[in-house]
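Numbering-wise (the numbering used here), the sequence shown opens with residue -17 and increments by one.
The C-beta atom is built at its ideal place from N, Cα and C for all residues, glycine as well.
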Amino acid sequence: GGSGHDTVHGGSGDDEIEGNDGNDLLYGGSGNDQIEGGDGHDQLFGGLGDDFLAGGSGNDTLFGGAGNDVLNGGSGNDTFIFDADSGHDIIEDIMLQDTLEFQGEQFDMNDMIFSENEDGDAVISFAGKDDMSVTLEGVKFDDLDRNGDGDASEGYSVTQSDDGFTVNIDDT
């Protein structure tokens, strides 16, 4: 992309897509894609495959899609979207005021499980759904458990809707 508001679609291969300046719509398609938004409020969609999405500066929306994706929102208040086809994804840079959206009526906030991986990073998974998780790289369970009572809910807020729920990171 260039300096304007671009829409770029990748193909069936492993694509490298850069939005640069402007509020861009960037689609990876199938394959293991690398998508970088750059400046502006960008929307990045990985599609099929194990993708790397980097929003850059601005309030970006990142949706890895199917596969095990690595997401990096960059600066700004970013939104990370997950659905039933999302695999085991990693968010590299979750920050205060970022939002995680779990879309689809199969997601119920009461099924959400917080745990830690072997590196001590916080992991969000769901009861009865072994093929999906979101790792918050660099965020410890204790960062979300401000009271030290084993309940991480002090560091985030959750809003349930008919078609999923939203997690807002209040403190990390």
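Discussion item. Please classify Asn54 as buried or exposed, where buried requires at least 16 neighbouring CB atoms within 10 angstroms.
Written reply: buried
Item to complete: Whole angstroms is fine: what's the gap from Ser150's alpha carbon to Phe34's?
Response: The sequence shown places Asn at residue 150, rather than the Ser named in the question. Going from the Cα of Asn150 to the Cα of Phe34 covers about 22 Å.
Fill in: Burial state of Ser115 (16 or more Cβ within 10 Å)
buried
Worksheet entry | Minimum C-alpha distance to Leu78 - residue among Asp(-12), Ser139, Glu100, Gln25 | Ser139
Discussion item. Could you pull the DSSP bridge partners for Val121 from this structure?
Written reply: DSSP lists no partner for Val121.
Fill in: Extent of the continuous beta strand (DSSP E) run through Phe62
61 to 64
Practice prompt. Along the beta strand (DSSP E) that carries Leu78, what are the first and last residues, could you check?
Written response: First-last for Leu78: undefined, no H or E at that position.
Item to complete: In angstroms with no decimal places, state the Cα-to-Cα distance between Gly69 and Ala48.
Response: 6 Å
Worksheet entry | Length of the line joining the Cα atoms of Gly40 and Asp113 | 31 Å
Fill in: Reduced DSSP secondary structure (H/G/I, E/B, other) of Asn92
helix
Worksheet item: Straight-line CA distance for Gly(-16) to Asn2?
Response: 6 Å
Practice prompt. Specify, as a first and last residue, the run of the beta strand (DSSP E) that Ala36 falls within.
Written response: 34 to 36
Worksheet entry | Bridge partner(s) assigned by DSSP for Ser143 | Gly146
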